[in-house]
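K.L.:
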Amino acid sequence: MPDCHRFSDAQPEPCLPEEVASNLPCGGDGWMKGARASSLRDCIDMNLDTSVLLHRTTSETFARSHQIRGTIAVIDAGSHSVGIDEALSSWYAGYHDLVRGGKYVWVVEEMHRKYGPVVRVRPDALHFNDPNFIEEIYAQSPKRRRERYKTVVQNLQAPGSMLATTDHDFHRKRRSVLNPYFSQQNVRRLEPVINDTLSALLDRMNGWGKTGVPIQMSVAFRAATKDIIQAYAFGEGKKCLDMEDCNAAFFDIMTPQRVCHLGTYVYWLAYIMANLPPSITISLVPRVAVFARFVELKGLADQIEHIKAAQELSEGRTIFHEIIRSDIPESEKQTRRLVDEAMVIVVAGSETTASTLAAIMYHLLADRELLNRLKVELEAAIPDPKQLPVASRLDGLPLLNAVIQEAIRLYPGATHRQDRTCPDEDLVYECPDGRQYVIPKGTAVGMTAPIINRHPELYERPNEFLPDRYIQNPELKKYNMSFSKGGRQCIGINLAYQELQTFTAGIFRRYSLYNPDKGVQDGPTLELFETRREDISMDADYVTPAPYEGSHGLRVRIRA
1 MPDCHRFSDA QPEPCLPEEV ASNLPCGGDG WMKGARASSL RDCIDMNLDT SVLLHRTTSE
61 TFARSHQIRG TIAVIDAGSH SVGIDEALSS WYAGYHDLVR GGKYVWVVEE MHRKYGPVVR
121 VRPDALHFND PNFIEEIYAQ SPKRRRERYK TVVQNLQAPG SMLATTDHDF HRKRRSVLNP
181 YFSQQNVRRL EPVINDTLSA LLDRMNGWGK TGVPIQMSVA FRAATKDIIQ AYAFGEGKKC
241 LDMEDCNAAF FDIMTPQRVC HLGTYVYWLA YIMANLPPSI TISLVPRVAV FARFVELKGL
301 ADQIEHIKAA QELSEGRTIF HEIIRSDIPE SEKQTRRLVD EAMVIVVAGS ETTASTLAAI
361 MYHLLADREL LNRLKVELEA AIPDPKQLPV ASRLDGLPLL NAVIQEAIRL YPGATHRQDR
421 TCPDEDLVYE CPDGRQYVIP KGTAVGMTAP IINRHPELYE RPNEFLPDRY IQNPELKKYN
481 MSFSKGGRQC IGINLAYQEL QTFTAGIFRR YSLYNPDKGV QDGPTLELFE TRREDISMDA
541 DYVTPAPYEG SHGLRVRIRA
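The UniProt record's numbering puts the last residue of the sequence shown at 560; the count rises by one with no breaks.
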């Protein structure tokens, strides 16, 4: 091995001023030691007030610790016990995520600008912004074990799900059960369901066009994608697109909120809240009643119990019919675990794709030249505008797929840090200047899609929507981190691509951009209504992307 620096000797310097320490609600040997709160709300307020106090003194000391250590600020995970200095650094991040609301991702991006490709983002975690290190952190080989780090798991509050499974081997076992249903071949078999949902959406759009009222297409896309994944997971059921408001109340609850970060910084509180009986949760927070019903009352739990009761029947070719019929251990078929799995599949399978569809529609309606080029391509592939797309033909449309790739790059559906640990091997990182560093096994390392996807060495004018970059350089696709990489890559990637292709092609083969200079339009049209790029862009990281507070999302005027 070449001569390397080793991170294991690096320790966080004491940086807690006495005036801050004297005001902390804890002892010096552990966060929250000795703290007392009369209620959960008091405890939250106490933690957040403390984080604000800490922020005033840590901004400079946190940055100073990076400068003292040079380009790379590091700490060996597990080399010492948690103390005040670690709490300080964790709550520096907590201030930006909990108080400011999902803004720590932008602080991390600024750290990289100042200090280089590796920075310490928590006392026990390193963050990388180097495309050449993707394959090391997110190794594809099953022999190179990669485990999900606790910060990711704690955010999810779905411990029984495959996504929240920490152990490498256990994750592989759980994933192997789901893999067949998300293969390219099986997703192709889902084409009738996807096309039926597209047809239902087009029918709704036609109806909305006759009213002249601007429509929140962000909600419509979420309704469509939820209908698809719900049908695939459980079979036929009540569809969001059949509801007058497209189930807007449910999606309002699902709108990303800063409370999602509680699991990272106040895990015990998030755990309690997630495990309260639904009746208590609803009494404390009435607006979550819709989601509680989705999970427990005539929702996921009831659907799973219904499938279990009918498991001897031959009919039923959905994900959960097959899981319950399979020969996996009975412990893996417990309703509580399957509810966790179902919740992640349904939510992740709808929210992420819908946000990308909204971004695609915005940019096509904001760029007449780009949309006209795409329509020429679509007209050649789909001669009849009333014909639904054929999935296999869409794979060969270069501009369509470039538009999708660029939207996925700029608007990833998962925005939080994708932290991993390597339990069996040290990682060796080579800096751009040639220096090498050893990262001891067990250290948390990760990247964040909104940061690495805009790396200036990969993407010219990285903040601009330029689909042609993928036509000119198809190799760029391998650096896209929106679906993560390696053995824990998003299991629904094939389904997401097929939905994005089908919906984009189907909508824009039928609709054109409204032209105010023409008296008679060339068929049905779409036009942005009081929507700016900020309305579909990520302002905050709430695990999934969130626009600025007060945004109405993508709003469109449809003229049938």
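Each residue gets a CB set at the ideal place from its N, CA and C atoms; glycine is no exception.
(1) Let me confirm a value: residue 111 is counted as buried when at least 16 other C-beta atoms fall within 10 Å, else exposed. Which label applies?
(2) Are the CB atoms of residue 179 and residue 491 within a distance shorter than 8 Å?
(3) Between residue 159 and the rest of its own chain, which residues show a CB-CB distance below 8 Å, the 5 nearest in sequence each way excluded?
(4) Using the three-state DSSP reduction, which class does residue 272 fall into: helix, strand or coil?
(5) So for residue 363, helix, strand or coil by DSSP?
(6) Below 7 Å CB to CB, which residues in the same chain sit around residue 139 once its five sequence neighbours on both sides are set aside?
(7) For a quick check, are the C-beta atoms of residue 229 and residue 349 less than 8 Å apart?
(8) Nearest chain B C-beta to residue 471 closer than 8 Å, yes or no?
(9) Looking at the secondary structure, which residues open and close the beta strand (DSSP E) in which residue 209 lies?
(10) Measure the alpha-carbon distance for residue 445 versus residue 420 and round it to whole angstroms.
(11) Can you tell me which residues form a DSSP beta bridge with residue 148?
(12) How is residue 216 classed by DSSP in three states: helix, strand or coil?
(13) Less than 8 Å between the C-beta atoms of residue 554 and residue 205, yes or no?
(14) So, do the stretch 357-371 and the stretch 531-551 have three or more beta carbon pairs nearer to each other than 8 Å?
(15) Can you have a look at residue 45 and say buried or exposed, based on whether 16 or more other CB atoms are within 10 angstroms of its CB?
(16) Apart from the five residues on each side of it in sequence, which residues of its chain come closer than 7 Å, Cβ to Cβ, to residue 63?
(17) What residue does the beta strand (DSSP E) around residue 511 start on, and which one ends it?
(18) Thinking residue 248 and residue 213 are a contact (beta carbons under 8 Å), I'd like their distance in whole angstroms, please.
(19) Could you spell out where the beta strand (DSSP E) holding residue 122 opens and where it closes?
(20) How many angstroms separate the CA atom of residue 538 from the CA atom of residue 386?
(21) If you draw a straight line from the alpha carbon of residue 460 to that of residue 547, how long is it in whole angstroms?
(22) Secondary structure at residue 371, three-state DSSP: helix, strand or coil?
(23) How big is the Cα-Cα spacing for residue 526 and residue 126?
(24) Kindly indicate which three-state DSSP category residue 99 falls into: helix, strand or coil?
(25) Distance check for residue 232 and residue 523, CA to CA, integer angstroms please.
(26) Straight-line CA distance for residue 267 to residue 97?
(27) Can you tell me whether residue 211 is buried or exposed, with buried defined as 16 or more other CB within 10 angstroms of its CB?
(28) Within the continuous alpha helix (DSSP H) that includes residue 387, where are the two ends?
(29) Would you grab the beta carbon distance between residue 351 and residue 263 for me? Rounded to a whole angstrom, and I think it's under 8 Å.
(30) Among residues of its own chain, excluding the 5 on either side of residue 476, which ones have a beta-carbon nearer than 7 Å to its beta-carbon?
(31) What number of angstroms, rounded off, separates the C-alpha of residue 171 from the C-alpha of residue 177?
(32) Checking the sheet assignment: what are the DSSP bridge partners for residue 447?
(33) Report the rounded CA-to-CA distance for residue 634 versus residue 207, giving the unit in angstroms.
(34) Please classify residue 545: does DSSP put it in a helix, a strand, or coil?
(35) If you measure between the beta carbons of residue 318 and residue 235, is that distance less than 8 Å?
(36) So residue 415 packs on residue 543, CB below 8 Å; how close in whole Å?
P.N.:
Taking the definition as stated:
(1) buried
(2) yes
(3) 153 and 340
(4) helix
(5) helix
(6) 146 and 486
(7) yes
(8) Absent here is chain B; the protein component of the structure consists of one chain.
(9) Careful: residue 209 lies outside any beta strand (DSSP E), inside the alpha helix (DSSP H) at 191-211.
(10) 5 Å
(11) 420
(12) strand
(13) no
(14) yes
(15) With a pLDDT of 42 at residue 45, under the threshold of 50, the predicted position of this residue should be treated as unreliable, and no value is reported.
(16) Residue placement at residue 63 is poorly supported in this model, since its pLDDT is 39, which falls under 50; the coordinates still yield a value, given next. Contacts found: none.
(17) Where residue 511 is concerned, there is no enclosing beta strand (DSSP E), given that its DSSP letter is neither H nor E.
(18) The pair is not a contact, with the Cβ atoms about 14 Å apart (cut-off 8 Å).
(19) 118-122
(20) 34 Å
(21) 24 Å
(22) helix
(23) 45 Å
(24) helix
(25) 34 Å
(26) 14 Å
(27) exposed
(28) Counting along the chain, residue 387 falls outside any alpha helix (DSSP H), and DSSP gives it neither H nor E.
(29) Residue 351 to residue 263, Cβ: 17 Å. No contact.
(30) 458, 469 and 470
(31) 10 Å
(32) 418
(33) With the chain running from 1 to 560 in the structure shown, residue 634 is simply not present.
(34) strand
(35) yes
(36) 7 Å
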